[in-house]
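> Residue numbering for the sequence shown follows our numbering, beginning at 5 and increasing consecutively. Idealized CB from N, CA, C, for every residue including glycine.
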Amino acid sequence: MSNQEATTITAHARVLTLINVFDVAPDRQQALVELLERATVEVMRRRPGFISANIHRGLDGRSVANYAQWATREDFERMLEDPEAQVHMREASAMARATPLLYEVSSVHHR
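#1: For the putative contact between Phe26 and Ala102, defined by C-beta atoms under 8 Å, what is the C-beta separation to the nearest angstrom?
#2: Looking at the C-beta of Arg32, does it have a partner C-beta in chain C at a distance below 8 Å?
#3: For the segment 15-23 against the segment 66-75, are there 3 or more C-beta pairs whose distance is under 8 Å?
#4: Enumerate in chain order the residues of its own chain whose CB-to-CB distance from Gly53 is below 8 Å, with the five nearest sequence positions on each side excluded.
#5: Candidates Thr44, Asp31 and Ala57: which alpha carbon is nearest Thr12's?
#6: What first and last residue would you give for the alpha helix (DSSP H) that runs through Arg61?
#7: Grab the span of the beta strand (DSSP E) containing Thr44 for me, first residue to last.
#8: If contact is defined by three or more beta carbon pairs under 8 Å, each pair taking one atom from either stretch, is the segment 86-95 in contact with the segment 25-43?
#9: Measure the C-alpha to C-alpha separation of Ala96 and Val47 and round it to an integer number of angstroms.
#10: Measuring alpha carbon to alpha carbon, tell me which of Glu85, Glu108 and Leu63 ends up nearest Tyr71.
#11: Straight-line CA distance for Gln34 to Leu106?
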């Protein structure tokens, strides 16, 4: 998935951040990355409140992280109830162990 826009991270913004870290077997890492990209393109970005998703492949070969932003917690929770989203979440759960946590940005630092 490519997009010319960059994710904006702003301290104290009213944005819900999901950081979901997946533990995955090395031979399944690329498949998980592709699944998360497909889920974002086909489902997530069409949901109300979706702002962005950034898929990261761990250099260890055993992890994948999704840094996603939603407008509100309610938008995120509605997405979790969506049958189309649930299909992708079940597929991801079948190939990796996920640790999803919700955050708010406390501070941002630049050079």
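If we stick to the structure as given:
#1: 5 Å
#2: Protein chains in the displayed structure number just one, and chain C is not present.
#3: yes
#4: Trp74, Ala75, Thr76, Glu78, Asp79, Phe80, Arg82 and Met83
#5: Restricting attention to Thr44, Asp31 and Ala57, the CA atom closest to the CA of Thr12 is found in Ala57.
#6: Looking at the DSSP string, Arg61 is not in any alpha helix (DSSP H); the run it does join, the beta strand (DSSP E), is Phe54 to Arg61.
#7: Taken as a continuous stretch (DSSP letters only), Thr44 belongs to no beta strand (DSSP E), being part of the alpha helix (DSSP H) at Gln33 to Glu46.
#8: yes
#9: Spanning the two alpha carbons is a distance of roughly 14 Å.
#10: Glu108
#11: 24 Å
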